[in-house]
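Just so you know, the sequences run in chain order A and B. Numbering-wise (the working numbering), the first sequence opens with residue 1 and increments by one. Numbering-wise (the working numbering), the second sequence opens with residue 1 and increments by one. Scroll down for the structure; my scribbles are underneath it.
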Amino acid sequence: MPNLTIDGKKIEVPAGTTIIQAADKLGIDIPRYCYHPALPVAGNCRICMVEVEKQAKLQIACYTPVAEGMVVKTTSPKVLEARKTVLEFLLVNHPVDCPVCDQAGECKLQDYYMEHGQYDSRLADVKVKKEKKAFSIGPTVMLDQERCILCTRCVRFADNITKTSEFGVFDRGDHSQLDVYPGKQLDNKYSGNVVDICPVGALTDKDFRFKCRVWYLDKTNSICPGCSMGCNITVEWDKTRPHQHKKARVMRLKPRLNPDVNDYWMCDVGRYDYHFIDENRIQYPQLKDELISWGKAIGTLAQTIKPLQDAGRMDRIGIIASAKLTNEDLFVIRKLFKDTLKISQVDFRVGEKPGDSDNFLIKADKNPNTAGALAILGDSQPDAQAIIAKAKQGQIDLLYVFGHDLVKLFGKDTVEQIYKNVKLFVFQCSNINDTCGYAHLILPSSVYAEKEGTFTNCQQRVQRIWPAFFPLGDSKGDWEILSLLSEQLGAPIKYRGSQEVFKDIAGTMSAFSQMSYEKIADQGMVLKK
Amino acid sequence: MENSNPNQQRRLELEKYFDARGPFAYLRLVQMKRAWKQSNRRELTWWESTYIPSVVSGIWLTSKHFFHNLSLHILHVFGLFKDVPAAVTFQYPEKPRPLALRSRTRHRLTKREDGSPRCVACMMCETVCPARCIEITAAEHPDPNIEKYPAEFILDLGKCVYCGFCVEVCPEDAIRMDTGKLNIAEYSRENMIYDKKRLMEE
């Protein structure tokens, strides 16, 4: 284990560590373009040069392994001069079209120029122009070769992470340019990640392009609800300039580092599946084509449950929960329906067909919280499919469905029969779908970006989601709706917030014991066996 | 001890009555100051209460300006004291006053040679605008060398404070405040909202 000193700070690191990794451990920021912790080292941008004592030349921090007794200086005059010079070279043919560049505001060229550059241009020649300016290289990404500084991060990403090898650097000298191989397109399932790792504006996201300036964005940590992998993400949203994007709030999703789950990456399906947060939302409670207040909606529901409760006919109530709900929602479902009302027909397994999957991040189970639902609701009988079958035959008076598009799952005829045979078909969902047309009572629930809670992913890891903004329209969080209902039924289940629900979960369920929001934090905690 | 000062006492009474906290605290503070001033008004003496000194000093000031300007205008006629300005009356709506070259007037969007706006929708003016009166919607330009253009550029003159930051920040010289138009009056707020087309007309 070599000992070394960086900027006067001592550290001991395993042999084979590079200087930049040791500096990162110490919290010393060395500028970088081509170096990315998840990719092999290329060492071509030369901005990370540092001074190592007893060595004549400056060394690149990303490729120089540490040695015993090494003394590294990252801010000596020689190093600062080198950074400035390297930056001048990198910017020689850069078009400096920051006004039209989407990267502006989060661009490393801008950042390092302000920090280390600040020189006056000495270029007497005309900048080398590329044949094409911005052009499409695939369904999701645009390439601008003039802005590219040839750090080859995207090349190494395609070679090593997705192993699809779409990118290459062609020609030589100042004619060299990044491009996709002839006849190839950047159309792998993780293509959006090249935009994240591109330190400049060469690769831009078609979905985000020109939609919003990055300095308007607010960021909220969250978990991707697209599949059971539960990739850690940041929801980036803007409410200050609604005219720019037709009043949509969420602008884009970005992956968030979690070495145990998704590392630095996320798949394209998850990345671009955020439009449902703002589009096509159910905003107000609805009783048979009539918009009503929450008081009336909950009252109608309670009036249906009470006679059944008095007559002791709880077998005529069916609850179909969903693995898209948070642990907190599922716990309140369990507490209200299973423990308080003693309803046995509570389940979430509707028998969805498994989606596509691979051996990296995409999982076949498209629900973010199947593990949590199993832990909280258990795999009791009858399952949701049996409940649906019973409802179809008219053996159920109240069917309460959370979020499942039944028309898609069971077909139009089944749902039509449920509509006819069930006295009150309650559908609690965030977005409008075909099933809404058959529901007697529609309750608007909020989406994951508006909720606080936790999801349990396929690795049994409990991860937190944070609310980015208030629910749209009159919609409410799922457990808050159930809390209102419990008050109407005379068995109030009251919590001041999701944190209190989670405290209750940790207190009552052994799998969640010793967990708390503080401990889960932004990296998650694994369920106990 | 500290309350022995009558002014201090009155101040404390006022503060008790006008709570300078909570909503509209600022308005209440203004109210308080006004009341403070009124309660401190000096009693007029007998001579002052005849109003003769005020009338005389008023006539004196007006006459001073009148004769000063009159004599200067007469001297100007004979070519004397040309560098000392004398007051002039402009017949404003009929004859507008000449504007300084750098005065900030109504905005306009400059054009390229083909008549399209020079603006590339970089949102700099929108970001810097302290009144939040600029609303730009960006879109992809068919020419990849231009890349970005404003699909809509809305400037609400009802909100604008004429600070000129938008002109200063523009990297493309696309917005200027040199139309010389200042007499912007409308019968509705909607008419004060200028869109791209209106801003590009001279």
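All residues carry an ideal CB built from backbone N, CA and C; glycine is no exception.
Check: Looking at the unbroken beta strand (DSSP E) that takes in Arg83 (chain A), where does it start and where does it end?
Finding: The residue you call residue 83 (chain A) lines up with position 83 of the first sequence. Taken as a continuous stretch (DSSP letters only), Arg83 (chain A) belongs to no beta strand (DSSP E), being part of the alpha helix (DSSP H) at 77–90.
Close-in-space but distant-in-sequence residues of the same chain around Pro14 (chain A) (CB under 7 Å, 5 per side omitted):
Counted from its first residue, the first sequence places residue 14 (chain A) at position 14. Within the same chain, Pro14 (chain A) has close Cβ partners Met1.
Look at the Cβ atom of Val194 (chain A), then the Cβ atom of Phe157 (chain A), and state whether they are nearer than 7 Å.
-> What you label residue 194 (chain A) is simply residue 194 of the first sequence in a count that begins at 1. What you label residue 157 (chain A) is simply residue 157 of the first sequence in a count that begins at 1. Contact flag set, yes.
- prompt: How big is the Cα-Cα spacing for Thr17 (chain A) and Ala38 (chain A)?
  reply: Translated into positions along the first sequence, residue 17 (chain A) becomes position 17. Translated into positions along the first sequence, residue 38 (chain A) becomes position 38. Going by the C-alpha atoms only, they are around 14 Å apart.
> Does the beta carbon of Pro242 (chain A) come closer than 7 Å to any beta carbon on chain B?
Replying inline: To locate residue 242 (chain A), count along the first sequence from 1; it is residue 242. Pro242 (chain A) is outside the set of residues whose beta carbon lies under 7 Å from a beta carbon in chain B.
Item to check | Cα-Cα separation, Arg104 (chain B) to Glu166 (chain A) | outcome: Taking the second sequence and counting its residues from 1, one reaches residue 104 (chain B) at position 104. Taking the first sequence and counting its residues from 1, one reaches residue 166 (chain A) at position 166. Taking the CA atoms as reference points, Arg104 (chain B) sits about 53 Å from Glu166 (chain A).
Along chain A, in chain order, which residues have C-beta atoms closer than 7 Å to that of His148 (chain B)?
-> As a position in the second sequence, residue 148 (chain B) is number 148, starting the count at 1. The identity of residue 148 (chain B) in the sequence shown is Lys, whereas the question assumes His. Residues of chain A passing the Cβ test: Val100, Phe210.
Task: Inter-residue spacing [alpha-carbon to alpha-carbon] between Gln59 (chain A) and Cys227 (chain A) - done: Counted from its first residue, the first sequence places residue 59 (chain A) at position 59. Counted from its first residue, the first sequence places residue 227 (chain A) at position 227. Roughly 44 Å separates the two Cα atoms.
Notebook entry, point to check: Does the beta carbon of Arg551 (chain A) sit closer than 7 Å to a beta carbon anywhere in chain B?
Noted result: Because chain A spans 1 through 529 in this model, residue 551 (chain A) falls outside it and cannot be assessed.
Using a C-beta cutoff of 7 Å, does Val120 (chain B) count as contacting chain A?
On the second sequence, residue 120 (chain B) is found 120 positions in, with the first residue counted as 1. Taking 7 Å as the threshold, the shortest C-beta distance from Val120 (chain B) to chain A falls below it.
Val332 (chain A), enclosing beta strand (DSSP E) - first and last residue: The sequence position of residue 332 (chain A) within the first sequence is 332, counting from 1. Counting along the chain, Val332 (chain A) falls outside any beta strand (DSSP E), though it belongs to the alpha helix (DSSP H) covering 327–333.
Exercise. Report the neighbours of Met124 (chain B) on chain A: residues whose CB is nearer than 8 Å to its CB, in chain order.
Key: Taking the first residue of the second sequence as position 1, residue 124 (chain B) is located at position 124. Correct list: Pro99.
Report task. Answer with yes or no whether the minimum CB distance from Lys133 (chain A) to chain B is below 7 Å. Result -> Residue mapping note: residue 133 (chain A) aligns to position 133 of the first sequence, counting from 1. Residue contact check for Lys133 (chain A) against chain B: a CB pair falls below 7 Å.
*asked:* What residue range does the alpha helix (DSSP H) around Gln110 (chain A) cover?
replied: For the purposes of this step, residue 110 (chain A) is identified with residue 110 of the first sequence, where counting begins at 1. Unbroken alpha helix (DSSP H) run through Gln110 (chain A): 108–112.
field: First through last residue of the beta strand (DSSP E) which encompasses Met251 (chain A)
entry: Residue 251 (chain A) sits at position 251 when you count from the first residue of the first sequence. Bounds of the beta strand (DSSP E) holding Met251 (chain A) are 250–255.
Original post:
For Pro130 (chain B), which residues of its own chain have a beta-carbon under 8 Å away from its beta-carbon, when the five flanking residues on both sides are left out?
Top reply: Residue numbering aside, residue 130 (chain B) sits at position 130 when the second sequence is read from its first letter. Once the five neighbours on either side are set aside, the close Cβ partners of Pro130 (chain B) are Val161, Cys163, Phe165.
Q: Would you check if there are 3 or more beta carbon pairs closer than 8 Å linking the region 293–310 of chain A to the region 480–497 of chain A?
A: By the criterion of at least three beta-carbon pairs nearer than 8 Å, the region 293–310 of chain A is in contact with the region 480–497 of chain A.
Can you pull the chain A neighbours of Pro171 (chain B), defined as C-beta to C-beta under 9 Å? Numbered from its first residue, the second sequence carries residue 171 (chain B) at position 171. Under the 9 Å cutoff, chain A gives Cys98, Pro99.
**Asked** In terms of DSSP beta bridges, what is Gln59 (chain A) paired with?
**Response** Within the first sequence, residue 59 (chain A) is the residue found at index 59, counting from 1. Note: Gln59 (chain A) sits in a beta bridge opposite A:Val50.
Q.
Contact defined as beta carbons within less than 8 Å: I believe Cys101 (chain A) pairs with Arg147 (chain A). What is the distance between those atoms, to the nearest angstrom?
A. Within the first sequence, the letter at position 101 stands for residue 101 (chain A). Within the first sequence, the letter at position 147 stands for residue 147 (chain A). So it is a contact: roughly 7 Å between Cβ atoms.
Name the chain A residues that come within less than 9 Å of Thr127 (chain B), Cβ to Cβ? For the purposes of this step, residue 127 (chain B) is identified with residue 127 of the second sequence, where counting begins at 1. Ordered by position in chain A, the residues that pass the 9 Å Cβ test against Thr127 (chain B) are Arg213, Trp215, Tyr216.
Quick one: what's got a C-beta closer than 6 Å to Asp97 (chain A)'s C-beta in the same chain, skipping five residues either side? Here residue 97 (chain A) is taken as the residue at index 97 of the first sequence, counted from 1. Closer than 6 Å at the Cβ level, and outside the excluded window around Asp97 (chain A), lies no residue.
Query raised in the report: Cα separation between Asp379 (chain A) and Lys519 (chain A)?
Result: Locating residue 379 (chain A) in the first sequence gives position 379, where the first residue counts as 1. Locating residue 519 (chain A) in the first sequence gives position 519, where the first residue counts as 1. Whole-angstrom Cα-Cα distance: 28 Å.
Point to revise | Residues bridged to Val180 (chain A) [DSSP beta-bridge criterion] | key: For the purposes of this step, residue 180 (chain A) is identified with residue 180 of the first sequence, where counting begins at 1. For Val180 (chain A), the beta-bridge partners assigned by DSSP are A:Phe167.
Review point. Mind checking whether Leu330 (chain A) and Ala373 (chain A) have CB atoms under 7 Å apart?
Key: The residue you call residue 330 (chain A) lines up with position 330 of the first sequence. The residue you call residue 373 (chain A) lines up with position 373 of the first sequence. Less than 7 Å separates the beta-carbon of Leu330 (chain A) from that of Ala373 (chain A).
*Along the chain, where does the beta strand (DSSP E) that runs through Trp237 (chain A) open and close?*
Reading the first sequence from its first residue, position 237 is the one you call residue 237 (chain A). Counting along the chain, the beta strand (DSSP E) containing Trp237 (chain A) begins and ends at 232–237.
Q) Going along chain A in order, which residues have a C-beta closer than 8 Å to the C-beta of Pro144 (chain B)? A) Here residue 144 (chain B) is taken as the residue at index 144 of the second sequence, counted from 1. Pro144 (chain B) reaches chain A at Lys132, Lys133, Ala134, Phe135, counting residues in chain order whose Cβ is nearer than 8 Å.
- Reducing DSSP to helix, strand and coil, say where Asn221 (chain A) ends up. By 1-based counting over the first sequence, the position of residue 221 (chain A) is 221. Taken through DSSP and simplified to helix, strand or coil, Asn221 (chain A) comes out as strand.
#### Entry: Minimum C-alpha distance to Ala104 (chain A) - residue among A:Ala386, A:Ser510, A:Val214
In the first sequence, counting from the first residue as 1, residue 104 (chain A) sits at position 104. Nearest C-alpha to Ala104 (chain A): A:Val214.
Taking DSSP as the reference, what is the three-state secondary structure of Arg153 (chain A)?
-> Start at 1 with the first residue of the first sequence, and residue 153 (chain A) comes out as number 153. Three-state result, Arg153 (chain A): helix.
DSSP-derived helix/strand/coil call for Phe337 (chain A) = The residue labelled residue 337 (chain A) in the question sits at position 337 within the first sequence. Assignment of Phe337 (chain A) by DSSP, reduced to helix, strand and coil, places it in the helix class.
- Alpha carbon to alpha carbon, how far is Lys82 (chain B) from His76 (chain B)? Give it in angstroms, no decimals. Indexing the second sequence from 1 puts residue 76 (chain B) at position 76. Indexing the second sequence from 1 puts residue 82 (chain B) at position 82. Linking His76 (chain B) to Lys82 (chain B) through their CA atoms gives a straight-line distance of about 6 Å.
- Quick one: list the residues of chain A neighbouring Ala207 (chain B), beta-carbon separation under 9 Å, in chain order. No answer is possible for residue 207 (chain B): the residues shown for chain B start at 1 and end at 202.
message = So, for Ala550 (chain A): in the same chain, excluding its five sequence neighbours on each side, which residues have a beta-carbon less than 6 Å away from its beta-carbon?
response = Absent from the model: residue 550 (chain A). The displayed extent of chain A is 1 to 529, so no value can be given.
request  = Just the C-alpha distance for Phe470 (chain A) and Ser516 (chain A), rounded to the nearest angstrom, thanks.
outcome  = Against the first sequence, residue 470 (chain A) aligns to sequence position 470. Against the first sequence, residue 516 (chain A) aligns to sequence position 516. Phe470 (chain A) and Ser516 (chain A) have their alpha carbons spaced roughly 23 Å apart.
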